[in-house]
Each structure stands twice: as C-alpha cells, then as structure tokens.
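S.K.: Per the working numbering, the very first residue in the sequence shown carries number 185; after that it's consecutive. Backbone N, C-alpha and C fix where the C-beta goes; we use that ideal spot for every residue, glycine too.
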Amino acid sequence: MIGTTMPSPMYALYAERLHFAVLTTSVVFATYAAGVLAALLVFGSWSDAVGRRPVLFAGIGFAVLSGIVFLVADSVGVLLIGRVLSGLSAGLFTGTATAAVIEAAPEEWKSRAAAVASMANIGGLGLGPFIAGALVQYAPSPLHLSFVLHLALLTLAAVAVAVVPETSKRQGRIGFQRLAVPREARAVFVPAAIAAFCGFAVMGLFNAVVPTFVALEIGIPNHFLGGFMVTTIFGASAVTQLFAVWIPPRLAVAVGSAVLIVGLAVLAAALWVASLPALIAAGVIAGVGQGISFGRGLAAIAERTPQQRLAEVSSTYFVVAYVGISLPVIGDGFAAQIWGLREAGVAFAVAAAVLVSLCLALIVWTESRSRNLSRTT
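#1: Under three-state DSSP, which class holds LYS353?
#2: Counting pairs of beta carbons, one from the stretch 542-554 and one from the stretch 253-268, are three or more of them closer than 8 Å?
#3: How about VAL372 and ILE485: are their beta carbons less than 7 Å apart?
#4: Take VAL429 as the anchor and find which of GLY419, PHE478 and VAL446 has the nearest alpha-carbon.
#5: Report the CB separation of LEU460 from VAL398 in whole angstroms; it is logged as a contact under 8 Å.
#6: Please state whether DSSP places GLU496 in a helix, a strand or coil.
#7: Please specify which runs of the alpha helix (DSSP H), each continuous and at least 4 residues long, are wholly inside the stretch 447-535, giving them in chain order.
#8: When the distance is taken between beta carbons, is GLY517 closer than 7 Å to LEU135?
#9: Can you tell me whether ILE265 sits near the ligand MN, meaning its C-beta is under 6 Å from at least one heavy atom of the ligand?
#10: Skipping 5 residues on each side, what residues in its chain have a beta carbon closer than 6 Å to that of CYS382?
#11: Return helix, strand or coil for ARG367, following the three-state DSSP convention.
#12: Examine the Cβ distances between the stretch 286-297 and the stretch 464-476 and report whether three or more of them are shorter than 8 Å.
#13: Beta-carbon within less than 7 Å of PHE390's beta-carbon, same chain only, minus the 5 sequence neighbours each way: which residues are those?
#14: With a threshold of 8 Å, are at least 3 pairs of Cβ atoms found where one atom belongs to the stretch 444-457 and the other to the stretch 344-359?
#15: Among ALA283, GLY307 and LEU264, which residue has its Cα nearest to the Cα of SER498?
#16: From the DSSP output, in three-state form, read off ASP232 for me.
#17: Could you compute how far the alpha carbon of ALA392 sits from the alpha carbon of VAL285?
#18: So which of GLY403, ALA299, PHE532 and ALA274 has the shortest CA-CA distance to GLY245?
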C-alpha cells in the first residue's frame with residue numbers, strides 16, 4: 185500500500201516538468217480509484233475460489249508494473265497508466281490481504297486481526313508520501329529513487345507470500361462481484377456509506393491537492409512537508425482505528441461524523457487563511473473522524489447483514505468509499521481552474537461538512553425512531 189501514495193509529493197514536480205495544472209493532477213490521482221474499483225468489481229471474490237496467495241501474487245505483479253511505469257514516466261498518459269496499475273494492485277490487496285491476515289491470525293489474536301490488517305492498509309497509505317517526500321526533497325533522482333525502493337519492498341513481499349501457507353478453503357466461485365444491500369441493513373448502511381464517502385473524499389483532497397496548496401498558496405515548496413501533510417490524515421486514521429474498536433459500531437459512526445465535521449470546519453478555515461499549523465490540525469482531526477466512522481461503520485453494517493451476503497455488502501461499501509476518493513477531487517480540480525485553488529478547497533470543505541451533517545442528522549433521526557418503536561412495542 186506504500187506504493188499507492190508515493191506519487192503524492194511528486195505531483196508538483198510532474199506538473200512543472202510536464203506543464204499541467206491542478207485539474208490534471210486531480211485526474212491523475214483519481215485514476216487510481218478507477219483501478220481499485222475495477223479490481224474490487226472484477227476480482228473481488230476470486231481469492232475465495234483460487235486462494236489468497238495467487239491473488240496476492242497478482243497484486244504484487246500489478247504493483248511491480250506500476251513502479252516500472254513510473255520509473256519511465258515522461259507524459260501524462262504514462263502517469264495515468266501507472267496510477268491505474270497501482271489501483272489494480274490496491275484493489276486486489278484490500279480484500280484479499282485483509283482476509284488472509286484474519287484467517288492466519290492465532291486464536292489469541294482473532295479479536296485484533298481485523299484492526300491489525302486495517303492499520304497495515306491505512307498505515308501503508310500514510311507512510312508512502314512520508315517516505316517519498318523525504319527522498320524527493322533530500323535524495324538524488326527525486327522522481328525515481330522512491331519507486332526503486334518500492335520495487336525492493338515488493339521483492340520482500342513476494343518472498344513473504346511465497347513462504348506462508350494458504351489460508352483459504354477455496355470454496356468460492358470466479359465471477360463479478362455483485363453490489364447490493366439487503367433491506368435489513370439499509371438503515372445502517374446509508375449513513376455509514378455517506379460518512380465513508382466524505383471521509384475518503386477528504387483523504388483524496390489531502391493526497392492530490394494539499395501538497396500543491398502548501399507549495400503555491402502557503403509558499404513552502406518543500407516536498408517532504410507536502411508528503412508529511414498527507415501522512416497526517418492517514419496516520420491519524422490508522423492509529424484511531426486501533427482504539428475505536430471499543431466504541432459500539434452504530435455510536436461510532438455518529439461520533440466519527442461529528443469529529444469529521446469539526447475537521448472539515450478547521451480545514452475550510454486553514455485553506456482560507458493559508459495557515460500551515462491549522463492545515464496540520466485539520467488533517468489530524470479529519471483523520472480521527474474518518475478512522476472512527478469508516479472502520480466501525482463497516483462493523484455496524486456487518487451486525488445487520490446476513491453472513492452469506494457480507495462479501496457483497498462489504499464490496500458495495502468499499503466502492504462507495506473509493507468513488508468518494510475520486511469524483512469529488514476531480515470536481516475540486518475543475519473548480520480550481522475557475523475560482524482558484526484556495527476558493528475551490530474551501531467550497532469542497534463546506535460541501536463535505538454539509539453532507540456529513542445530513543448523515544449525522546439521519547443517524548440521530550433513525551435512532552430516535554427506533555427507540556420510539558421499541559417503547560410502543
């Protein structure tokens with residue numbers, strides 16, 4: 185997962201060398217989500233049928249191809265190919281590696297295995313821009329060394345997958361992953377999915393736009409700092425998800441949404457006044473809100489979903505999340521072309537805060553209605 189966010193501190197350099205604007209940066213970033221969605225929809229259930237290890241090897245293969253493409257990238261078209269391949273690798277890893285970790289965990293670790301897998305996932309996303317930002321700013325070959333390191337890490341990953349035992353019973357079938365939500369889960373799914381959409385949208389904004397904002401609007405063209413800004417939101421999310429397991433799932437979605445609203449308010453203010461400390465605070469607060477609402481939102485949905493339909497409901501949830509990480513960022517890129525980067529970012533934060541507020545109101549109304557029905561019964 186480190187490799188999927190490594191390009192974030194490099195977008196300003198690519199834009200300078202290949203002569204493109206913020207809108208193109210947003211599209212290049214969002215193309216990654218298209219790869220993730222394709223992998224989730226086409227290969228989402230394959231590891232149940234063929235085993236975890238073959239699908240993990242395929243994910244490593246796509247990641248290797250992505251790294252090689254970035255090493256030779258000399259045009260926007262090549263960057264788009266690299267991002268699609270990176271997205272395919274992430275889409276394969278997201279479900280398959282999580283399932284493998286949970287299945288491989290010893291009995292005393294079973295209750296924590298999902299949190300460990302989630303932290304590895306989100307933590308990898310946070311480490312990518314941190315590592316790449318340091319190498320881009322302070323090491324030679326700023327557009328190449330990070331991907332050489334990533335290819336070396338992938339070699340270790342391939343060796344690890346080769347030596348571990350298979351954990352799947354291979355009882356599934358090969359086919360497209362169906363997307364659906366059973367009636368009994370919809371009341372929980374809708375607010376949780378809205379919160380996931382908004383949380384991932386904010387992560388997408390930090391990934392694609394914030395490093396450029398720091399360089400152009402705040403006036404600090406330091407690539408390590410740009411990478412660190414992305415790390416704040418992913419790091420806060422990863423750490424929070426470890427502790428959020430103690431919060432009841434349905435309550436956690438409401439709490440996470442409330443915290444995310446605060447983070448978006450701080451983000452809007454930080455963008456408007458171009459304050460670096462406020463922008464860091466916004467990343468941490470929004471990351472905490474996203475971490476609580478996303479991880480526990482899936483748990484809340486699982487409580488209401490029949491076991492035999494959990495895979496399709498989980499895939500639907502992830503699809504909503506990854507649409508959130510792509511389309512709003514492209515919209516922000518279009519708005520930046522018209523209004524400017526600062527004004528577009530503020531509008532993005534306000535719109536997301538309104539949507540999350542509606543989500544929170546829906547949760548409160550649903551809970552109030554459930555209580556009234558229980559009393560009547």
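M.R.: So, from the listed chains and residues:
#1: It is coil, neither helix nor strand.
#2: Touching, no.
#3: Using a Cβ distance threshold of 7 Å, VAL372 and ILE485 count as a contacting pair.
#4: The residue with the shortest Cα to Cα distance from VAL429 is PHE478.
#5: Cβ-Cβ separation between LEU460 and VAL398: approximately 7 Å, consistent with a contact (criterion under 8 Å).
#6: In the three-state DSSP reduction, GLU496 falls in the helix class (H, G or I).
#7: Qualifying alpha helix (DSSP H) stretches, in chain order: 460-488, 494-508 and 511-523.
#8: Residue 135 is absent from the structure shown; the chain starts at 185 and stops at 561.
#9: With respect to the ligand MN, the structure shown offers nothing to examine, as it has no ligands at all.
#10: Excluding positions up to five away in sequence, the list reads ALA536, LEU539 and VAL540.
#11: ARG367 falls in the helix class under three-state DSSP.
#12: The answer is no - the stretch 464-476 does not touch the stretch 286-297, with fewer than three Cβ pairs under 8 Å.
#13: Correct list, in chain order: MET413, VAL414, ILE417 and GLY467.
#14: Because the criterion of three Cβ pairs below 8 Å is not met, the stretch 444-457 and the stretch 344-359 do not touch.
#15: If we check each option's Cα against that of SER498, ALA283 comes out closest.
#16: Taken through DSSP and simplified to helix, strand or coil, ASP232 comes out as helix.
#17: Note on geometry: alpha-carbon atoms of ALA392 and VAL285 lie some 30 Å from one another.
#18: Considering only alpha carbons, the answer is ALA274.
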